[in-house]
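Undergrad: Protein chains in written order, with full-length UniProt numbering: chain A, 1 to 217; chain B, 1 to 371. The following block contains the structure, expressed as structure tokens.
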Amino acid sequence: MSLLELKDVSMEYNGKVKALEHINLSVERGDWVAIMGPSGSGKTTLMNIIGCMDTATGGSVVLDGVDITNAGRPELMRIRRDKIGMVFQQFHLIPYLTAVENVMVAQYYHSMPDREEAIAALARVGVAERADHLPSQLSGGEQQRVCIARALINYPVLILADEPTGNLDEANQNLVMQIFRELHEEGHTILTVTHSPEVGAAAERCVVIEHGHMKAQ
Amino acid sequence: MFLTMVFYSMLRRKTRLFITLLAVAVGATIISGMVTVYREVPAQMSRAFRAYGANLLVLPSGERTEVSEERLKEIRASLADYEIVGIAPFLYDTLAVNKQPVIVGGTDFAELSRVSPYWQIDGAYPREGEKEVLLGSEFAQRLGAKKGSSVSISAGEGKAVQNYTVSGIVRTGGKEEQLAYVALPQLQRMTGRKGAVSLAQVSVVADGEQLEEVVSKVAAGTRDVTPQLVKQIAHSEGTVLGKLQALVLLVTLVVLVLTLICVTTTMMAVVTERRKEIGLKKALGAGNRDIVLEFLGNGCLLGAFGGIVGTGLGYIFAQSVSLNVFGRGIEFSPLIAVFSLVLSIIITGLASLIPVRIATGVDPAIVLRGE
């Protein structure tokens, strides 16, 4: 059974604006899939649906054997917390918490904060020595690596990355992509949304969306 | 982790912390100060009212015309629980001063100066043990006597005539100006009424209810005397105090509402500022309960910090009001401090409710949309 199965998924806002139409997508465990497309194509809407932050108005979505098509907010929150790790283009670290505390926040909402485990996650992405620094004291690349450590800390079945290199210079972009490659090699399932052809090319499979329709897979 | 987030969300955002804390502390200062003033006003005003004379008379009961000095001592002892400003005994008798009949009052001038500080003396009260007399201004004018004049006092025809020096002239605006006053023991000797007084004027720091208690206590102690409230003083005191307390209460309530609005606005600004952070936390798996607890925790902590600062400043404020208005300091009240602290926490907790409701409505998708 696929880890993620989208069948005929559509999304309409106010019954008029069609953001997505008849999307079919299957992601196996260990896959690395890139979702590409121009601005306004519906990539973010698709990410919101897969990331359990929104529900589709049509079709069905099954994640790790759980049908989330018509799940309520509390259930979506639980699934998001237990099964998904998120990496954001703008990092979204909590400004008043240190790097390790930012990782521990994800642990706190999931189960129990464990500083040693959080430090190990930071070490995994090469920023353990920056554990006690605030986000404002970290470079963009370091912040994104903290963000990846936070996404990994609860052992998610799916890593959702929204333009993970969008705010990084080339050196840091390469560093982050190397981490994604390693995660993929370790068997993590990764879904990235990107404009970048390099990031798209690094994935095993590329899905192109235009005007809410899937153009190529 | 909860405490880490609650503490550091404030401590590592010092500007916001300062502004919010200022709002809470100012509110707590005013509340603590006003509650202290509200509580202290009756006592302070009662003391201030004591300058207007006695609020209780002790008169002989029934057919009696005199009260013994011993009885007055017992009454003073029975009122040990109250703040007695003074008990001035008075013995009245008609004597001849420079051969003119006049009512002479014998009293304890030290007590009299405490009970009736409004008496205006041109000169001084008669000194203890000296043959000195205090003349009412009207009577002094009739005699043509001045401060330092010598007058003769006789208890009646055929009785010894004694010379007294006028130590001062008294003005009160009342009937006291028609009388003459000498030391109580001297009048008792002259009239042969040793140990007797006609009445006593009592000045006691007490509000209406306490005064009634005092009256009951004096009445219960003996059948020889009848305690009688000086109605106009007690009534005016009660009326003024009631109005003043109502005013302070009203101001306190207005400040309470303003503080609530001020803190709510500040907390709403905090929520708006942290909207993205709330969205992120929800994206990471925080439930509404987690968000509510964090913001309420923030609010209560701010309330506690602001309450502690405000309670201290409020005491200083109340102390300053009391010293400037009543010329007398006030004691620190732990009860008011705890009340003010708890009230600050409750107010900031309540003020956090609307912002918290807004916080729970934040859509986690905003972090993916980059809004």
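For glycine and all other residues, C-beta sits at the position ideal for the given N, C-alpha and C. All figures in this text were calculated on a predicted structure; none of them were measured in a lab.
Anything in chain A within Cβ reach of Met-268(B), meaning under 9 Å, just list it in chain order.
TA: Those within 9 Å of Met-268(B) in chain A number zero; the least Cβ separation is about 19 Å.
Undergrad: Could you tell me whether the Cβ atoms of Glu-277(B) and Ile-94(A) are closer together than 7 Å?
TA: In this structure, Ile-94(A) lies closer than 7 Å to Glu-277(B) by Cβ.
Undergrad: DSSP three-state label for residue 374(B), please.
TA: Lying outside 1 to 371, the shown extent of chain B, residue 374(B) is not represented and no answer is given.
Undergrad: Can you tell which of Pro-135(A), His-110(A), Ser-139(A) has the C-alpha that lies nearest to the C-alpha of Asp-82(A)?
TA: Among Pro-135(A), His-110(A), Ser-139(A), the Cα nearest to that of Asp-82(A) belongs to His-110(A).
Undergrad: Please state whether DSSP places Leu-284(B) in a helix, a strand or coil.
TA: If DSSP states are grouped into helix, strand and coil, Leu-284(B) belongs with coil.
Undergrad: Looking at C-beta atoms only, is the number of pairs between the segment 59–68 of chain A and the segment 127–139 of chain A that lie closer than 8 Å three or more?
TA: No, they do not touch.
Undergrad: Are Val-103(A) and Arg-29(A) touching if we call contact CB-CB under 7 Å?
TA: For Val-103(A) and Arg-29(A), no; Cβs fall outside 7 Å.
Undergrad: Please list the residues of the segment 94–123 of chain A that have a C-beta atom closer than 7 Å to any C-beta atom in chain B, keeping them in chain order.
TA: Of all residues in the segment 94–123 of chain A, Ile-94, Tyr-96, Leu-97, Glu-101, Met-104, Val-105, Ala-106, Tyr-108, Tyr-109, His-110, Pro-113 have a Cβ within less than 7 Å of some Cβ in chain B.
Undergrad: For a cutoff of 7 Å on Cβ pairs, would you count Glu-83(B) as touching chain A?
TA: No - not a single Cβ of chain A is within 7 Å of the one on Glu-83(B).
Undergrad: Going by beta-carbon coordinates alone, are Ala-23(B) and Met-86(A) separated by less than 7 Å?
TA: The answer is no: Cβ separation not under 7 Å.
Undergrad: Which ranges does the beta strand (DSSP E) cover as unbroken runs of at least 3 residues, wholly within the segment 4–89 of chain B, from first to last along the chain?
TA: For the segment 4–89 of chain B, whole beta strand (DSSP E) runs of length 3 or above, ordered along the chain, are 56–60.
Undergrad: Determine contact between the segment 332–343 of chain B and the segment 352–363 of chain B, defined as no fewer than three beta-carbon pairs at a distance below 8 Å.
TA: Touching, no, given that fewer than three Cβ pairs across the two stretches are closer than 8 Å.
Undergrad: Considering Asn-163(B), what are the terminal residues of the beta strand (DSSP E) in which it resides?
TA: Residues 161–171.
Undergrad: Identify whether Arg-205(A) lies in helix, strand or coil by the three-state DSSP scheme.
TA: In the structure shown, Arg-205(A) sits in a strand (DSSP, three-state: E or B).
Undergrad: How long is the line joining the alpha carbons of Gly-144(B) and Ala-180(B), rounded to whole angstroms?
TA: Answer to the nearest angstrom: the Cα atoms are 14 Å apart.
Undergrad: Roughly how many angstroms separate the alpha carbons of Glu-116(A) and Gln-178(A), rounded to a whole number?
TA: When rounded, the distance between both Cα atoms is 24 Å.
Undergrad: With the cut-off set at 7 Å, would you say residue 372(B) and Gly-208(B) are in Cβ contact?
TA: What is shown of chain B runs 1 to 371, which leaves residue 372(B) out entirely.
Undergrad: Between the C-alpha atoms of Arg-114(B) and Val-161(B), what's the straight-line distance to the nearest angstrom?
TA: Near 31 Å, if we compare the C-alpha coordinates of Val-161(B) and Arg-114(B).
Undergrad: For Leu-211(B), which residues from the same chain have a beta carbon less than 8 Å from its beta carbon, with the 5 sequence-adjacent residues on both sides left out?
TA: Excluding positions up to five away in sequence, the list reads Asn-55, Leu-56, Val-204, Leu-229, Ala-234.
Undergrad: What does the alpha-carbon distance come out to for the pair Val-254(B) and Ser-78(B)?
TA: Computed Cα separation, rounded: 43 Å.
Undergrad: Please name the residue, chosen from Val-85(B), Ser-154(B), Leu-112(B), Asp-122(B), that lies closest to Lys-99(B) on a Cα-to-Cα basis.
TA: Considering only alpha carbons, the answer is Ser-154(B).
Undergrad: For Ile-41(B), collect the residues of the same chain with a Cβ closer than 8 Å to its Cβ; drop the 5 residues on either side in sequence, then sort them by chain order.
TA: This sequence places Val at residue 41(B); Ile is not what is there. So the qualifying residues of the chain are Leu-241, Leu-244, Gln-245, Val-248.
Undergrad: Answer with buried or exposed for Met-112(A), where buried requires no fewer than 16 other C-beta atoms within 10 angstroms of its C-beta.
TA: When all chains shown are included, Met-112(A) counts as exposed.
Undergrad: Okay, do the segment 125–137 of chain B and the segment 60–67 of chain B touch, 3+ Cβ pairs below 8 Å being the bar?
TA: The segment 125–137 of chain B is not in contact with the segment 60–67 of chain B.
Undergrad: To the nearest angstrom, report how far apart Asp-93(B) and Ile-103(B) are at their CA atoms.
TA: Going by the C-alpha atoms only, they are around 6 Å apart.
Undergrad: Looking at chain B, which residues of the segment 125–141 of chain A have a Cβ within less than 9 Å of any of its Cβ atoms?
TA: Residues Leu-134.
Undergrad: For the segment 82–93 of chain A, enumerate the residues whose C-beta is nearer than 8 Å to any C-beta of chain B, in chain order.
TA: Listed by position, the residues of the segment 82–93 of chain A near chain B (Cβ gap below 8 Å) are Asp-82, Met-86, Phe-88, Gln-89, Gln-90, His-92.
Undergrad: For the structure I just gave you, are there three or more beta carbon pairs, one from the segment 36–43 of chain A and one from the segment 255–272 of chain B, closer than 8 Å?
TA: No, they do not touch.
Undergrad: Using CA atoms only, rank isn't needed, just tell me which of Leu-293(B), Asp-81(B), Leu-134(B) is closest to Thr-165(B).
TA: With distances taken between Cα atoms, Thr-165(B) lies closest to Leu-134(B).
Undergrad: Please list the partners that Asp-54(A) has in chain B, where partner means a Cβ-to-Cβ separation under 8 Å.
TA: Those are Ala-365, listed as they occur along chain B.
Undergrad: Under 7 Å, Cβ to Cβ, is there at least one residue of chain B near Arg-36(A)?
TA: One detail in the question is off: residue 36(A) reads as Met in this sequence, not Arg. Not an interface residue.
Undergrad: Assuming Ile-50(A) contacts Leu-191(A) (C-beta within less than 8 Å), just tell me the rounded distance between them.
TA: Between Leu-191(A) and Ile-50(A) the Cβ distance is about 7 Å, and since that is below 8 Å, they are a contact.
Undergrad: In its own chain, which residues sit with a C-beta less than 8 Å from the C-beta of Val-6(B), not counting the 5 before and 5 after it?
TA: Hits under 8 Å: Glu-294, Gly-297, Asn-298, Leu-301.
Undergrad: If contacts are defined as beta-carbon pairs under 8 Å, then Arg-205(A) and Val-33(A) qualify, I think. What distance do you get, rounded to the angstrom?
TA: That belief holds up - the Cβ atoms of Arg-205(A) and Val-33(A) are roughly 5 Å apart, short of 8 Å.
Undergrad: Give me the chain A residues within the contact set of Pro-286(B), using Cβ-Cβ distance strictly less than 9 Å, ordered along the chain.
TA: Looking at the sequence provided, one finds Ala at residue 286(B) rather than Pro. Met-77, Arg-81, Val-105, Tyr-108, Tyr-109, listed in chain order.
Undergrad: Report the residues of the segment 160–179 of chain A with a CB closer than 7 Å to any CB of chain B, ordered along the chain.
TA: Here the close residues are Asp-162.
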